[in-house]
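Participant: Quick one: structure below, then a few questions.
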Amino acid sequence: MMVHTSTLLVESCYLFCHFVSARHLFERRHAEFVGIKRQIILCMDDLDQLPETSFEKDIICEDQEAFCLSKDNIASLKLLLGQLEERKAENQAVCEAHREKIQELWDRLQVPQEERELFLRAHGQPNCSLFFFTPQLEAEGRRLMELKRLNMRNVTEAIRSEIAVLWEKCFFSSDQQQAFVPYFSNDFTEQLLGLHEAEILRLKQHYEEHKELFEGVQRWEESWRLFLELEKKATDPSRFTNRGGNLLKEEKQKAELHKSLPKLEKKLKAQIYVWEQEQAREFLVNGQKFLQFVEEQWELHRIEKENEKLERQLKKSKQIEVDMLYGTAVRTPTKRRFLGTTTPSKARKFNGTTSSLSSANSNSTMRSAYGGTVCHSPSRPPLSVNKVPSVRTPGRSKPPLAGLQERNKENMGQVTGLGVPLQSGGFKTLASPQRNFSINSVASTYSEFARDLSKATNTKSKPDILNSTIAHL
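Per this note's numbering, the sequence shown runs over residues 163 to 635.
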């Protein structure tokens, strides 16, 4: 009895597990069926296709619950979906080709934009798969072909313009361009037009296959031109007057180009090697090997920099020779010394005689009022440096401070000769024939100055001022 009970428990557990597994399988297949059915309906709508076979009708028309979710039916669903998707992709490719062809005819025939938009609004839908198979499309195609035949010359010249652009993109040399003889023919026929159409298709395919290489070469040429422009600006002195931080930006951009150009050349070298292995010929840019062209550009740049350096050195050496022969010319403005006539405020009264003195160095020379050259003693500064007050009467002067009076005794004595302090604070000047002397004629040459100096040294008393500009009139 217990054995029978245990057997029933095992069987019930097995049935329960089987039921759960079947339920999960049903739910999974049902969800898969619903998803595949939805995709099949969308594909048929895009293809404008109705169910044809009984299996397709069972999928589209019957209830989802009535469809048998067997393994074979699920496999058949997947197969049907794959076929529909393949047909859809082919149809889309055909549609895209027709769109491009019509657009190309419109461009070559220069159809007005208003006419194009009118046709698209009436017949064209971007996602309609049967758009290019409608009778309206056939009529439009016949009309465009007739215009093409009537405008054979214009269409051929339009194709030639496209060919010239592709030649430039593919870096064709003049020899490669002249190899296409129909390009230079003036006999505009359908045969000539067909040759041009075949050539432009070949060039487009060639460019698309090696687009990365051609764009890399184009990028190098643009970077090289920019690098040369920045090098030229670097030698322009007027760039230092620009505002807005352009100088710093140009220097940063120049440094970046100096680093990026060698990297780009290395990458292009590897791509060119692969291209030459595939094409079994050399990669030419305007009839010259690209790598050789790059090396020549760097060499020309180096030679140009050396020539500029030599030119600067030659110019500098010539300027040095000119300076040695004719003296150095003042190229920048300097602060001028004051050599004009002194103002009345700078006039000094000394021994009853007024003489105008100009500020100068201790051993400098200048023109005096008599037209001679005034020479100052090297041991003393000029009189204009020492601010000597005029002799004041005791009644009008104020007594100075005691300390200041003692410090000024020596200076006053040096300037005025023998100064005797008075009780009122002033000084009385004692004129001495040995202290003050005059030179009748102001020395105009160094020999006269030396003679006067020797005479002064022979005297017993020391003269305070030699060759003074103060003459006894």
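All residues carry an ideal CB built from backbone N, CA and C; glycine is no exception.
Every value quoted in this text rests on a predicted model; they were computed, and no experiment measured them.
1) With H, G and I counted as helix, E and B as strand and the rest as coil, what does DSSP make of Q272?
2) Evaluate H180 with the Cβ neighbour count: other Cβ atoms within 10 Å of its Cβ, from every protein chain shown; 16 or more gives buried, anything less gives exposed.
3) Should L426 and W386 be called a contact, given that it needs their Cβ atoms to be closer than 7 Å?
4) Quick one: what does DSSP say Q211 is sitting in, helix, strand or coil?
5) Once DSSP output is grouped into helix, strand and coil, what is the label at L231?
6) What's the C-alpha gap between M486 and L409?
7) Taking the continuous alpha helix (DSSP H) assigned at N469, which residues delimit it?
8) Give me the Cα-Cα distance between I202 and A432, rounded to the nearest whole angstrom.
9) Compare the Cα-Cα distances from I434 to each of F376, A237, E252 and report the closest residue.
10) So within the stretch 306-333, which uninterrupted beta strand (DSSP E) runs reach at least 3 residues, ignoring any that extend past its ends?
11) Would you mind sorting I221 into buried or exposed? The rule is 16 or more other CB atoms within 10 Å of its CB.
12) Mark F333 as exposed unless 16 or more other C-beta atoms lie within 10 angstroms of its C-beta, in which case mark it buried.
13) Let me check understanding here. Comparing Cα to Cα, which of F389, Y608, L446, S479 lies closest to E418?
14) For I236, which option in V256, F188, Y608 has the closest C-alpha, if you only look at C-alpha atoms?
15) Whole angstroms is fine: what's the gap from L267's alpha carbon to D349's?
16) Just how far apart, CA to CA, sit E247 and A255?
17) In terms of alpha-carbon separation, which member of L423, T318, K477, P399 lies closest to G378?
18) With contact counted as at least three CB pairs below 8 Å, one residue from each stretch, are the stretch 347-367 and the stretch 468-482 in contact?
19) Report the rounded CA-to-CA distance for L615 versus T397, giving the unit in angstroms.
20) Hey, would you say L209 sits closer than 7 Å to K250, going by beta carbons?
21) Counting along the chain, where does the alpha helix (DSSP H) carrying V343 start and finish?
22) Just list the residues that DSSP pairs L243 with in beta bridges.
23) Would you kindly check if the distance between the Cβ of L231 and the Cβ of R185 is under 7 Å?
24) Looking at the unbroken alpha helix (DSSP H) that takes in A612, where does it start and where does it end?
25) I'd like the list of long-range same chain contacts for L392, defined as Cβ closer than 6 Å, with 5 residues on each side in sequence excluded.
26) Quick check on L462: buried or exposed, where buried means 16 or more other Cβ atoms within 10 Å of its Cβ?
27) Would you mind sorting T351 into buried or exposed? The rule is 16 or more other CB atoms within 10 Å of its CB.
28) For the alpha helix (DSSP H) containing F445, name the first residue and the last one.
29) Do you know offhand how far S526's Cα is from K617's?
30) For the alpha helix (DSSP H) holding F376, just list the boundary residues, first then last.
31) Would you kindly check if the distance between the Cβ of T318 and the Cβ of L147 is under 7 Å?
32) Report yes if the C-beta distance between E361 and F342 is below 7 Å; otherwise report no.
33) Identify whether T351 lies in helix, strand or coil by the three-state DSSP scheme.
Facilitator: A quick look at the data gives this:
1) coil
2) exposed
3) no
4) coil
5) coil
6) 37 Å
7) 452-488
8) 48 Å
9) F376
10) none
11) buried
12) buried
13) F389
14) F188
15) 21 Å
16) 12 Å
17) L423
18) no
19) 59 Å
20) yes
21) Looking at the DSSP string, V343 is not in any alpha helix (DSSP H), and its letter there is neither H nor E.
22) Beta-bridge pairing links L243 to no other residue.
23) no
24) 608-620
25) E412, K416
26) exposed
27) exposed
28) Counting along the chain, F445 falls outside any alpha helix (DSSP H), and DSSP gives it neither H nor E.
29) Bear in mind that a pLDDT of 42 at S526, under 50, signals an unreliable position, so the model cannot answer this.
30) 373-396
31) The question about residue 147 has no answer here: the residues shown for the chain are numbered 163 through 635.
32) yes
33) coil
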